[in-house]
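Trainee: After the structure tokens below, expect a handful of questions from me.
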Amino acid sequence: MTDKIDPQEPQDDEGDFGLPARLFDEVLDAVEAGDVARLDAIFEPLHAADIADLLEQIDARDRRALLALWKGGMDGEILSELDDNLREEIIQSLAPTELAQAVRELESDDVVDLVEYLDEDQQAAVLDALAAIDRIAVEKALAYPEESAGRLMQVEVVRAPEHWTVGEAIDFLRRSETLPDQFYHVMLVDPRMKPVGYVQIGRLLSKSRATPLRDITEESFRTFHVEDDEGAVAYAFNQYHLISAPVVDDDDRLVGVITIDDAMNVLDEEHEEDILRLAGVGGESELSDSVRETTRQRLPWLAVNLGTAIIASLVISIFEETIAGLVALAVLMPIVASMGGNAGTQSLTVAVRAIATRDLTTSNVWRVIRREVAVGLINGLAFAVVMGIVGVVWFGSPLLGGVIAVSMVINLVVAGLSGVVVPVVLDRFGVDPALASGTFVTTVTDVVGFFAFLGLASVILL
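Start counting the sequence shown at 1298; every next residue gets the next number (my numbering).
Laid out in structure tokens, this is it:
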């Protein structure tokens, strides 16, 4: 038997809180031995997020064996931490009684997140497991548009009349038996149930009982409408350092609250999608995806890349005689294209990130373009000197060195320009710049690089 380890302790000097490899061995050994008690002992100290990570990282066969053995161990917290595709797979494998037990203790926003992308049968199975009042709340949330504040909010809200004092609010909190597991503010409402401010719990506890609540409200107070885009909500949380915020309906009545953990989850998901899309693998690729699903996500953009590569090859074919007359061109032209591609990717990454965070706007886009062009020019001149020397030393031709030097400057300037302009234009036309920009920028730098280098060579050297 392997030595028992504490999965919550850092496993190296850098404080890596990921799961240690030995834990996977322990789990798989317990599954192979059919030892439920040992499996329970291993999972008992683990956070739900760590168990979800473990389920995602083992292969499908081991996962099925684990779930078949670990009956009743799956809970709603673990389900809410899983990748969407794997969550569907595991929910399908759970008996109705297991599923009911798993979701019963979740807050309404977690239940909505759990079921919103499931098919109708799976949604019905989860909703049937809820108490009537909870089911009504979840069904109401599901009626709001996808990726809206209404889907993101939880309906469990701590509210108080705006005319109350600190003492009245504290007495109410002590008497209440239905408080959310976690909350950060007491929402103040007027007689029409319209939120007019909020009080942070810390300030509530630090003031005298006679203090009116309206005298200790936070300046950061702002409301969101149920149909506001969740990305805009997450941006506001990050921009204005919000901890929680009320959500209102069309009549401005308080219907829910969004908390910082849910807003930051949205930001994390959007950042992850941007990274994946920049690589051309779609915004929802996961390690737990099947070969079929992964292929489906990647093949279309590989096909687009093939098409753009053919365009670059057509440019090269125009200069077949030039290349045949001077073989050194074939040796050097990939350098020009590669440098342009890398420079374009640098500018592109900065621009796409700035668009996502709303830092790149119409008010500063020209300044950013000028900066990237200037950077491309300076870097181009620096590497032009290097490649000019290489052309002279390697091939003994000052003219060849001059041609590649000028080509390098042209392509790096174009790379800086296209790295900003392409994502900005795509964003203006409603196309996700993270997904589509890379292909276009690479095409531009390849075509310009080959055309500049081979065109100059045909004019000057031949």
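We put the beta carbon where it would ideally sit given N, CA and C, even for glycine.
Treat the numbers as computed from the prediction; the structure is a model and nothing was measured.
1) From the DSSP output, in three-state form, read off residue 1757 for me.
2) Note down the Cα distance separating residue 1612 from residue 1351, rounded to an integer number of angstroms.
3) Assuming residue 1749 and residue 1707 make a contact with CB atoms under 8 Å, what is their CB distance in whole Å?
4) Mind checking who residue 1485 pairs with in its DSSP beta bridge?
5) For the alpha helix (DSSP H) containing residue 1379, name the first residue and the last one.
6) Is the distance from the Cβ of residue 1738 to the Cβ of residue 1645 below 8 Å?
7) Taking the alpha-carbon positions, what's the residue 1461 to residue 1572 distance?
8) Identify, in the order they occur along the chain, each residue of the same chain with its Cβ nearer than 7 Å to the Cβ of residue 1366, setting aside the five sequence neighbours on each side.
9) Less than 8 Å between the beta carbons of residue 1705 and residue 1681, yes or no?
10) Could you pull the start and end residues of the alpha helix (DSSP H) that residue 1715 belongs to?
11) Near residue 1459, which residues of its chain fall below 8 Å by C-beta distance, leaving aside the five closest residues on each side in sequence?
12) Does the beta-carbon of residue 1610 have 16 or more other beta-carbons within 10 angstroms, so that it is buried, or is it exposed?
13) When you compare each of 1376, 1401, 1445, 1442 to residue 1425 by their alpha carbons, which one comes out closest?
14) Roughly how far, in whole angstroms, is the beta-carbon of residue 1348 from the beta-carbon of residue 1321, given that I think they are within contact range, below 8 Å?
15) For residue 1312, which residues from the same chain have a beta carbon less than 7 Å from its beta carbon, with the 5 sequence-adjacent residues on both sides left out?
16) Just the Cα atoms here: how many angstroms apart are residue 1422 and residue 1564?
17) What's the gap between the Cα of residue 1309 and the Cα of residue 1391?
18) In its own chain, which residues sit with a C-beta less than 6 Å from the C-beta of residue 1718, not counting the 5 before and 5 after it?
19) Measuring alpha carbon to alpha carbon, tell me which of 1552, 1689, 1649, 1411 ends up nearest residue 1715.
20) What's the gap between the Cα of residue 1755 and the Cα of residue 1526?
21) Roughly how many angstroms separate the alpha carbons of residue 1403 and residue 1508, rounded to a whole number?
22) Is the Cβ of residue 1615 closer than 8 Å to any Cβ of chain C?
23) By alpha-carbon positions, which one of 1630, 1657, 1635, 1670 ends up nearest to residue 1725?
24) Pop quiz: residue 1736 and residue 1637 are said to be a contact at Cβ under 8 Å. What is the actual Cβ separation, rounded to whole angstroms?
25) Near residue 1456, which residues of its chain fall below 6 Å by C-beta distance, leaving aside the five closest residues on each side in sequence?
26) Once you ignore the five residues that flank residue 1361 on each side, which residues in its own chain have a CB closer than 8 Å to its CB?
27) Give the range of the alpha helix (DSSP H) segment to which residue 1393 is assigned.
28) Using 8 Å as the threshold, is the C-beta distance between residue 1374 and residue 1345 below it?
29) Decide yes or no for the touch test of the region 1660-1673 against the region 1592-1602: beta carbon pairs closer than 8 Å, at least 3 of them.
30) Enumerate in chain order the residues of its own chain whose CB-to-CB distance from residue 1408 is below 8 Å, with the five nearest sequence positions on each side excluded.
31) Residue 1759 to residue 1632, Cα distance in whole Å?
32) To the nearest angstrom, how far is the alpha carbon of residue 1640 from that of residue 1544?
33) Just reading off the alpha helix (DSSP H) that residue 1433 is part of, what are its end residues?
34) Let me check one thing: in DSSP terms, what residues is residue 1568 bridge-paired to?
35) Going along the chain, which residues of its own chain have a beta-carbon closer than 7 Å to the beta-carbon of residue 1442, five neighbours each way excluded?
36) Go ahead and pull the three-state DSSP assignment for residue 1473.
Mentor: The relevant details are as follows:
1) By 1-based counting over the sequence shown, the position of residue 1757 is 460. Taken through DSSP and simplified to helix, strand or coil, residue 1757 comes out as helix.
2) Looking up residue 1612 in the sequence shown gives position 315. Looking up residue 1351 in the sequence shown gives position 54. Cα to Cα, the separation comes out at about 49 Å.
3) Residue mapping note: residue 1749 aligns to position 452 of the sequence shown, counting from 1. Residue mapping note: residue 1707 aligns to position 410 of the sequence shown, counting from 1. About 5 Å separates the two Cβ atoms, so the contact holds.
4) Position 188 of the sequence shown holds residue 1485. Answer is 1457, 1494.
5) As a first step, residue 1379 must be located in the sequence shown, where it is residue number 82. First-last for residue 1379: undefined, no H or E at that position.
6) Position 441 of the sequence shown, counting from 1, holds the residue named residue 1738. Position 348 of the sequence shown, counting from 1, holds the residue named residue 1645. In this structure, residue 1645 lies closer than 8 Å to residue 1738 by Cβ.
7) One-based indexing of the sequence shown puts residue 1461 at position 164. One-based indexing of the sequence shown puts residue 1572 at position 275. Going from the Cα of residue 1461 to the Cα of residue 1572 covers about 48 Å.
8) In the sequence shown, residue 1366 corresponds to position 69, counting from 1. Same-chain partners within the cutoff: 1328, 1331, 1333, 1336.
9) The residue labelled residue 1705 in the question sits at position 408 within the sequence shown. The residue labelled residue 1681 in the question sits at position 384 within the sequence shown. Remark: C-beta atoms of residue 1705 and residue 1681 approach each other more closely than 8 Å.
10) In the sequence shown, residue 1715 corresponds to position 418, counting from 1. Taken as a continuous stretch (DSSP letters only), the alpha helix (DSSP H) holding residue 1715 covers 1695-1725.
11) As a working note, residue 1459 is residue 162 in the sequence shown. Counting only Cβ-Cβ distances below 8 Å, and skipping sequence neighbours, we find 1485, 1486, 1487, 1493, 1494, 1510, 1511.
12) Here residue 1610 refers to the residue found at position 313 of the sequence shown. So residue 1610 counts as exposed.
13) Mapped onto the sequence shown, residue 1425 falls at position 128. Nearest to residue 1425 by C-alpha distance, out of 1376, 1401, 1445, 1442, is 1401.
14) For this step, residue 1348 is matched to residue 51 along the sequence shown. For this step, residue 1321 is matched to residue 24 along the sequence shown. That belief does not hold up - the Cβ atoms of residue 1348 and residue 1321 are roughly 12 Å apart, past 8 Å.
15) Counting from one through the sequence shown, the residue named residue 1312 turns up at place 15. In this prediction, residue 1312 scores a pLDDT of 47, lower than 50, which makes its location untrustworthy; the coordinate-derived value is nonetheless stated afterwards. Excluding residues within five positions, none has a Cβ falling inside 7 Å.
16) Residue 1422 sits at position 125 when you count from the first residue of the sequence shown. Residue 1564 sits at position 267 when you count from the first residue of the sequence shown. Answer to the nearest angstrom: the Cα atoms are 30 Å apart.
17) Taking the first residue of the sequence shown as 1, we reach residue 1309 at position 12. Taking the first residue of the sequence shown as 1, we reach residue 1391 at position 94. Note on residue 1309: pLDDT 45, under 50, position unreliable in the model; the coordinate value appears next. Taking the CA atoms as reference points, residue 1309 sits about 36 Å from residue 1391.
18) Reading the sequence shown from its first residue, position 421 is the one you call residue 1718. Nothing meets the Cβ criterion.
19) If you number the sequence shown from 1, residue 1715 lands on position 418. Comparing Cα-Cα distances from residue 1715 to each of 1552, 1689, 1649, 1411, the minimum goes to 1649.
20) For this step, residue 1755 is matched to residue 458 along the sequence shown. For this step, residue 1526 is matched to residue 229 along the sequence shown. Roughly 54 Å between the two C-alpha positions.
21) Translated into the one-based positions of the sequence shown, residue 1403 becomes position 106. Translated into the one-based positions of the sequence shown, residue 1508 becomes position 211. Taking the straight line joining both Cα atoms gives about 35 Å.
22) In the structure shown, chain C does not exist; there is a single protein chain.
23) Translated into the one-based positions of the sequence shown, residue 1725 becomes position 428. That would be 1657, whose Cα lies nearest to the Cα of residue 1725.
24) To locate residue 1736, count along the sequence shown from 1; it is residue 439. To locate residue 1637, count along the sequence shown from 1; it is residue 340. Rounded, the Cβ-Cβ distance is 15 Å, inconsistent with contact.
25) For this step, residue 1456 is matched to residue 159 along the sequence shown. Within the same chain, residue 1456 has close Cβ partners 1484, 1486.
26) Along the sequence shown, one-based indexing puts residue 1361 at 64. Correct list, in chain order: 1390.
27) Residue mapping note: residue 1393 aligns to position 96 of the sequence shown, counting from 1. Residue 1393 -> alpha helix (DSSP H) spans 1393-1400.
28) Here residue 1374 corresponds to residue number 77 of the sequence shown, with the count starting at 1. Here residue 1345 corresponds to residue number 48 of the sequence shown, with the count starting at 1. Closer than 8 Å, so yes.
29) no
30) Within the sequence shown, numbered from 1, the residue matching residue 1408 stands at position 111. The answer, listed in chain order, is 1373, 1400, 1423, 1427, 1431, 1435.
31) In the sequence shown, the residue the question calls residue 1759 occupies position 462. In the sequence shown, the residue the question calls residue 1632 occupies position 335. Our two residues, residue 1759 and residue 1632, have alpha carbons roughly 21 Å apart in a direct line.
32) In the sequence shown, the residue the question calls residue 1640 occupies position 343. In the sequence shown, the residue the question calls residue 1544 occupies position 247. Cα to Cα, the separation comes out at about 44 Å.
33) The residue labelled residue 1433 in the question sits at position 136 within the sequence shown. 1429-1439 is the extent of the alpha helix (DSSP H) around residue 1433.
34) The residue labelled residue 1568 in the question sits at position 271 within the sequence shown. Per DSSP, none; premise fails for residue 1568.
35) As a first step, residue 1442 is located in the sequence shown; it is residue number 145 there, counting from the start. Around residue 1442: 1524.
36) Sequence index remark: in the sequence shown, residue 1473 carries index 176 (1-based). It is coil, neither helix nor strand.
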